[in-house]
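Beneath this line is the structure, given in structure tokens, with notes to follow.
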Amino acid sequence: MLSFSWLAGCKPAAEEALALPKEWFELNGYLKIGENGLVTIMSPNPEIGQNVKTSMPMLVAEELDVDWKNVIVEQAPLNTTVFTRQLAGGSQSISQGWKSLRMAGATARQMLREAAAKTWQVPVEEITTEASMLYHKASSKSASYGEMASAAAKIEVPKEVELKNNSDFKIIGTSRNNVDGKKIVTGQPLYGLDYRAEGMLVAMIAHPPAFGMKLKSVDDSQARTMPGIKDVFTIKSYPEDYAQQWCDVSSFPELVVVVGNTTWEVMNARKALKLEWEQFQDHEISSSTFWGTTVKVKVPGGLENSSQHAKLMTDYAAKNAKVVRKDGNPEAVFKKAAKVIERSYSAPFLAHNTMEPMNFFAHVTEEKAELVGPIQTPEFMEKSVAARLNLPLEKIDIQMTRQGGGFGRRLYGHYLVEAAVISQKIKAPVKLIYTREDDMSFGVYRPAYHALYRAALDADNNLIAFHVKAGGIPESPLFADRFPAGAVDNYLAEEWTAPSNISVGAFRAPASNFIAGAEQSFLDEVAEAAEKDPIQFRLDLLDRTLNKPVGEKNDYEAKRLAGVLELVRSKANWGQDMPNVHRGVSAYFCHDSYVAHVIDLVVENGKPRVEKVHCAVDCGIVVNPIAAINLVEGGSVDGIGHAMYSGLTFTNGTPDQTNFNKYRLIRHSEAPKAIDVHFVPSTVDPTGLGEPPFPPVMGALANALYKATGKRHYQQPYLGEGITLG
Amino acid sequence: MAVINLNVNGKKQSVDVDPKTPVLWVLREHLNLVGTKYGCGIAQCGACTIHLDGVAVRSCQLPVSVIGEKAITTIEGLSENGDHPVQQAWLEHDVPQCGYCQAGQIMSATALLKENPAPSDEQIETAMNGNICRCGTYVRIKAAIKTAATAKS
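Here the protein sequences come in this chain order: B and H.
Under the working numbering, think of the first position of the first sequence as 12, with each following residue one higher.
Under the working numbering, think of the first position of the second sequence as 222, with each following residue one higher.
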């Protein structure tokens with residue numbers, strides 16, 4: 012069993028071993044080597060806190076066979092000719108870059124070997140490498156990468172190279188501290204909001220106060236006269252007859268813009284605007300999907316309320332919905348069951364609340380558009396900016412800063428288009444800044460969800476039928492082919508959606524971030540009704556999927572899901588009674604990875620406290636353990652926090668929470684006291700890690716709370732059901 | 222507008238601003254010290270934490286006109302070479318994920334340790350409760366504070 016002692020391997024990063032070289036030699040788009048041996052590796056993907064800026068260059072460095080202490084990392088700009096999939100989404104940066112990044116390192120290493128072979132007049136096969144050095148053993152010749160860099164840069168990039176065997180990894184699988192760590196703890200400029208350029212102005216927008224409304228009139232007479240204000244004007248979110256991309260989301264057709272010298276002056280002038288709003292009617296927009304097909308989307312008029320949403324969801328749950336999967340004859344089996352358990356679960360809209368609010372720098376001239384800031388989808392947004400500004404793609408230059416959180420929010424970059432349009436209009440470099448209130452009230456939220464579950468047991472407490480009917484406003488959270496599909500003979504999965512004019516999108520582990528908690532809470536109740544241990548109950552079902560699967564398509568590998576359950580069972584000493592420790596378990600598959608949680612709650616003065624989270628993860632090969640553990644810890648805290656505290660509600664289309672005084676995020680005193688992370692040893696290529704640890708912990712929390720208090724939880728946030736953690 | 226004299230990280234500074242401007246924006250936009258972060262603007266998240274005569278305060282709701290002679294310390298001025306024991310502990314534990322809140326966390330932690338060199342878990346939680354970390358690095362922050370406390374004593 013692998014168990015990483017991350018403290019042992021993570022002394023503070025040594026001061027840079029080498030000074031900057033006099034000259035750089037570029038071996039390919041991913042890396043350049045200085046004459047003194049220093050290597051710069053470009054990190055292609057957006058860094059949103061998932062650690063790719065350290066772990067992706069580690070893959071290059073591994074195959075280059077370079078000494079990590081001689082590596083510096085630079086964030087690559089958007090460059091579609093060199094890099095592929097420069098995107099932070101779907102927990103796929105490492106898995107999609109696993110081959111290409113290693114190839115970049117391996118081809119450069121091969122070029123260095125060929126350069127050495129040529130120089131020494133020996134066969135290239137006889138050249139070995141180790142830690143930035145080239146060797147020819149037979150002639151006792153050696154040279155550093157720096158010495159060969161100039162010659163290597165002249166060698167043609169090889170088409171085919173062999174990659175290392177996993178057993179030869181020296182960097183992959185070892186803990187490497189965050190390459191930006193020192194800059195972060197000393198407050199150096201790293202983030203979009205920190206970016207500044209000569210002559211840069213600051214812009215803010217005013218948007219309608221409610222979803223369902225649009226601008227009616229603007230009186231900017233006072234605002235215009237205020238100190239530091241350059242201009243006030245309106246911009247259209249989209250031109251007429253425009254197919255917006257999936258990532259270019261704005262619920263408001265027109266925005267008011269205030270531009271000035273400083274943030275404080277612009278904030279004050281914005282407050283002095285006198286704006287009138289009116290409701291918009293039902294209408295239709297054109298939207299292109301992730302895969303590029305254009306679809307018509309109906310946007311209903313009206314001002315929505317959370318109380319109406321709650322009723323709407325229970326009404327939908329009571330009706331027949333669209334059948335997505337059906338195995339056996341669930342209707343008939345439910346009728347003859349000895350016991351039927353039926354429960355409903357719901358969760359509210361969520362705002363992403365990245366700590367760094369939306370912002371972007373833009374400098375648009377007739378020749379080009381220069382854009383700098385935090386964005387998860389630079390390649391997609393480049394297309395939107397080009398279309399909106401009517402400039403060819405090659406004239407759009409996007410640079411990515413380090414990002415103060417992503418969580419899916421920065422997949423949707425309309426703010427980037429806004430910045431570009433504002434700069435074009437005022438003919439100056441400008442940084443668009445959202446305040447927290449803008450960020451929370453002009454979001455692309457996690458939808459509100461509902462799921463109704465039914466389970467049928469026979470007289471011997473066997474699970475003989477399972478039914479899930481799930482839906483949301485306005486998207487469904489259902490994954491019909493995930494567990495327990497495949498493990499039950501009679502299975503029915505239905506879904507529904509209800510229209511809304513509130514903008515929604517992906518939020519860390521989309522849909523899973525609700526359905527995992529609901530399903531895992533429900534299975535806990537079913538196990539209890541069946542008088543079975545909750546882990547053994549799941550393992551028995553997984554055994555069925557493994558040996559005699561029901562249906563033709565089940566998304567998950569039963570063996571790996573069982574693997575994390577078994578690992579967490581053993582690591583947590585499950586089954587061992589400890590005084591005043593109340594435990595809940597969950598396990599879930601998403602983004603190609605498997606995670607199981609056990610939560611230990613302790614009750615003191617009538618208040619439950621998360622004493623420990625035990626977490627087992629199967630994400631294939633772990634690239635950078637110290638960061639991987641951090642992500643799992645963070646995902647676990649995040650899941651507990653959102654299940655317990657967070658929610659966005661609406662009154663007449665207006666968000667009721669627009670800052671952290673009303674919108675609750677988990678804080679220090681509510682966080683788990685300890686989190687133990689265990690990885691299943693694996694030789695499988697890496698799978699996702701940013702998202703998978705987030706969804707299941709919600710179920711483990713609900714199940715542990717039940718053990719601690721005797722009360723089941725059905726509606727997130729659980730705070731609303733009268734429970735807090737301490 | 223008014224000319225206001227400040228003592229920031231041991232240096233005398235003079236800015237010509239609206240006296241109501243929060244210290245946060247003076248630091249970020251007039252003095253180009255961007256380590257102090259904007260998170261909420263209403264003193265609820267702690268990203269903008271600085272020291273005023275060694276005491277942790279939220280700079281986003283603090284008008285620059287009320288500072289007077291008090292010494293401002295920002296994350297940039299916490300140590301000369303970025304080697305304050307708290308900064309070192311942060312690196313040792315590899316605390317940051319996105320990193321955006323961490324300057325504020327570090328400023329709160331250093332103020333705590335100055336007042337209480339060996340805080341209990343509960344005291345750490347109370348002192349740090351005003352600092353939100355959206356990535357959820359709370360367990361590591363606590364461990365780093367304990368490491369820094371040990372290093373200092």
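Even glycine gets a Cβ: it sits at the ideal position worked out from N, Cα and C.
Strictly by DSSP, which residues pair up with residue 383 of chain B? Position 372 of the first sequence, counting from 1, holds the residue named residue 383 of chain B. Residue 383 of chain B pairs with B:372 and B:410.
In chain order, what residues of the same chain have a beta carbon less than 7 Å from the beta carbon of residue 726 of chain B, not counting five sequence neighbours either side? Counted from its first residue, the first sequence places residue 726 of chain B at position 715. So the qualifying residues of the chain are 357 and 732.
Beta-carbon neighbours of residue 346 of chain H, restricted to chain A and to distances below 7 Å: In summary, chain A is missing from the structure at hand, where the protein chains are B and H.
In angstroms, rounded to a whole number, what distance separates the CA positions of residue 374 of chain H and residue 266 of chain H? Sequence index remark: in the second sequence, residue 374 of chain H carries index 153 (1-based). Sequence index remark: in the second sequence, residue 266 of chain H carries index 45 (1-based). In this predicted model, residue 374 of chain H has a pLDDT of only 49, less than 50, meaning its place in the structure is not dependable; the value taken from the coordinates is given anyway. Roughly 29 Å between the two C-alpha positions.
Please look up how many angstroms separate the CB atoms of residue 411 of chain B and residue 433 of chain B, rounded, as I've assumed it's under 8 Å. On the first sequence, residue 411 of chain B is found 400 positions in, with the first residue counted as 1. On the first sequence, residue 433 of chain B is found 422 positions in, with the first residue counted as 1. Contact between residue 411 of chain B and residue 433 of chain B does not hold, since their C-beta atoms are separated by about 20 Å, which reaches or exceeds 8 Å.
For chain H, check one thing: does any of its Cβ atoms lie closer than 8 Å to the Cβ of residue 202 of chain B? Taking the first sequence and counting its residues from 1, the one referred to as residue 202 of chain B is at position 191. At least one chain H Cβ lies under 8 Å of residue 202 of chain B.
From this set, B:57, B:149 and B:126, which residue's C-alpha is nearest residue 167 of chain B's C-alpha? Locating residue 167 of chain B in the first sequence gives position 156, where the first residue counts as 1. Out of B:57, B:149 and B:126, the CA that lies nearest to the CA of residue 167 of chain B is found in B:126.
Rounded separation between residue 522 of chain B and residue 372 of chain B - CA only: To locate residue 522 of chain B, count along the first sequence from 1; it is residue 511. To locate residue 372 of chain B, count along the first sequence from 1; it is residue 361. Their backbone Cα atoms lie some 32 Å apart in a straight line.
For residue 365 of chain H, count the other beta carbons within 10 Å of its own beta carbon; 16 or more makes it buried, fewer makes it exposed. Which is it? Indexing the second sequence from 1 puts residue 365 of chain H at position 144. A residue is called buried once 16 or more other Cβ atoms fall within 10 Å of its Cβ, and residue 365 of chain H is buried on that count.
Alpha-carbon spacing of residue 253 of chain H relative to residue 57 of chain B, whole angstroms: Position 32 of the second sequence, counted from the start, is the residue given in the question as residue 253 of chain H. Position 46 of the first sequence, counted from the start, is the residue given in the question as residue 57 of chain B. For residue 253 of chain H and residue 57 of chain B, the distance between alpha carbons rounds to 25 Å.
In whole angstroms, what is the alpha-carbon distance linking residue 304 of chain B and residue 253 of chain B? As a first step, residue 304 of chain B must be located in the first sequence, where it is residue number 293. As a first step, residue 253 of chain B must be located in the first sequence, where it is residue number 242. Their Cα atoms are separated by approximately 14 Å.
Going by beta carbon distance, what residues of the same chain come within less than 6 Å of residue 354 of chain H, once the five residues before and after it are set aside? Mapped onto the second sequence, residue 354 of chain H falls at position 133. Closer than 6 Å at Cβ, skipping near neighbours: 322.
Cα separation between residue 206 of chain B and residue 287 of chain H? Sequence index remark: in the first sequence, residue 206 of chain B carries index 195 (1-based). Sequence index remark: in the second sequence, residue 287 of chain H carries index 66 (1-based). Straight across, the Cα-Cα distance linking residue 206 of chain B with residue 287 of chain H is about 28 Å.
Tell me the DSSP bridge mates of residue 249 of chain H? For the purposes of this step, residue 249 of chain H is taken as residue 28 along the second sequence, with counting starting at 1. Its beta-bridge partners do not exist; DSSP assigns none.
Beta-ladder partner(s) of residue 747 of chain B, from DSSP: Outside the displayed range of chain B (12 to 737) lies residue 747 of chain B, so it cannot be described from this structure.
Quick check on the DSSP output: the alpha helix (DSSP H) that includes residue 546 of chain B runs from which residue to which? Your numbering for residue 546 of chain B matches position 535 in the first sequence. Looking at the DSSP string, the run of the alpha helix (DSSP H) that includes residue 546 of chain B is 545-558.
Chain H beta carbons: is any one of them nearer than 8 Å to that of residue 366 of chain B? Position 355 of the first sequence, counting from 1, holds the residue named residue 366 of chain B. Closer than 8 Å to some Cβ of chain H, the Cβ of residue 366 of chain B qualifies, so yes.
In this structure, what does DSSP give as the bridge partners for residue 643 of chain B? Taking the first residue of the first sequence as 1, we reach residue 643 of chain B at position 632. Answer by DSSP bridge pairing: none, since residue 643 of chain B is not bridged.
Below 8 Å between beta carbons: does that hold for residue 499 of chain B and residue 468 of chain B? Locating residue 499 of chain B in the first sequence gives position 488, counting from the first residue. Locating residue 468 of chain B in the first sequence gives position 457, counting from the first residue. Against a cut-off of 8 Å, the Cβ pair of residue 468 of chain B and residue 499 of chain B comes out as no contact.
Taking C-beta pairs closer than 8 Å, name the residues in chain H that residue 676 of chain B reaches, listed in chain order. By 1-based counting over the first sequence, the position of residue 676 of chain B is 665. Contacts between residue 676 of chain B and chain H, judged by CB atoms closer than 8 Å, involve 353 and 355 in chain order.
DSSP on residue 237 of chain B, reduced to helix/strand/coil? The count along the first sequence starts at 1 and reaches residue 237 of chain B at position 226. Coil at residue 237 of chain B, not helix or strand.
In chain H, what lies closer than 8 Å to residue 644 of chain B by C-beta? Within the first sequence, numbered from 1, the residue matching residue 644 of chain B stands at position 633. What residue 644 of chain B touches in chain H: 357, 358, 360 and 361.
Span of the alpha helix (DSSP H) around residue 215 of chain B: Start at 1 with the first residue of the first sequence, and residue 215 of chain B comes out as number 204. Element bounds for residue 215 of chain B: not the alpha helix (DSSP H) but the beta strand (DSSP E), 212-217.
What do you get for residue 292 of chain B, buried or exposed, if any count of 16 or more other CB atoms within 10 angstroms of its CB means buried? Along the first sequence, one-based indexing puts residue 292 of chain B at 281. Exposed: under 16 other Cβ atoms inside 10 Å.
Residue 700 of chain B by DSSP, collapsed to three states: which one? On the first sequence, residue 700 of chain B is found 689 positions in, with the first residue counted as 1. Residue 700 of chain B: coil per DSSP, three-state reduction.
Do you know how far the Cα of residue 392 of chain B is from the Cα of residue 359 of chain H? Translated into positions along the second sequence, residue 359 of chain H becomes position 138. Translated into positions along the first sequence, residue 392 of chain B becomes position 381. Their Cα atoms are separated by approximately 33 Å.
Going by other Cβ atoms of all chains shown within 10 Å of its Cβ, with 16 needed for buried, is residue 404 of chain B buried or exposed? Working through the first sequence from its first residue, we reach residue 404 of chain B at position 393. The residue is exposed, with fewer than 16 neighbouring Cβ atoms inside 10 Å.
Secondary structure at residue 269 of chain H, three-state DSSP: helix, strand or coil? Position 48 of the second sequence, counted from the first residue, corresponds to residue 269 of chain H. Here residue 269 of chain H carries a coil assignment [DSSP, helix/strand/coil].
What does DSSP give as the partner residue(s) for residue 243 of chain H in the beta ladder? In the second sequence, the residue the question calls residue 243 of chain H occupies position 22. BP columns for residue 243 of chain H point to H:284.
Select from B:54, B:451 and B:193 the residue whose C-alpha is nearest the C-alpha of residue 673 of chain B. For the purposes of this step, residue 673 of chain B is identified with residue 662 of the first sequence, where counting begins at 1. Ranking B:54, B:451 and B:193 by Cα distance to residue 673 of chain B puts B:451 first.
What's the gap between the Cα of residue 21 of chain B and the Cα of residue 134 of chain B? The residue you call residue 21 of chain B lines up with position 10 of the first sequence. The residue you call residue 134 of chain B lines up with position 123 of the first sequence. With a pLDDT of only 37 at residue 21 of chain B, under 50, the local geometry of the prediction cannot be trusted, and no value is derived from it.
Could you check the C-alpha separation between residue 724 of chain B and residue 534 of chain B for me, to the nearest Å? As a working mapping, residue 724 of chain B is identified with position 713 in the first sequence. As a working mapping, residue 534 of chain B is identified with position 523 in the first sequence. Straight-line Cα distance between these residues: approximately 13 Å.
Does residue 242 of chain H come within less than 8 Å of chain B when only Cβ atoms are used? Along the second sequence, read from residue 1 onward, the residue named residue 242 of chain H stands at position 21. True, the Cβ-Cβ gap to chain B drops below 8 Å.
Which term fits residue 424 of chain B, buried or exposed, when burial requires 16 or more other beta carbons within 10 angstroms of its beta carbon? Against the first sequence, residue 424 of chain B aligns to sequence position 413. Burial call: buried.
For residue 278 of chain B, list the residues DSSP reports as bridge partners. Numbered from 1 along the first sequence, position 267 holds the residue referred to as residue 278 of chain B. In the DSSP output, where bridge partners are listed per residue, residue 278 of chain B has none listed.
Counterpart residues of residue 68 of chain B in DSSP-defined beta bridges: Residue mapping note: residue 68 of chain B aligns to position 57 of the first sequence, counting from 1. Partner(s): none; residue 68 of chain B has no beta bridge.
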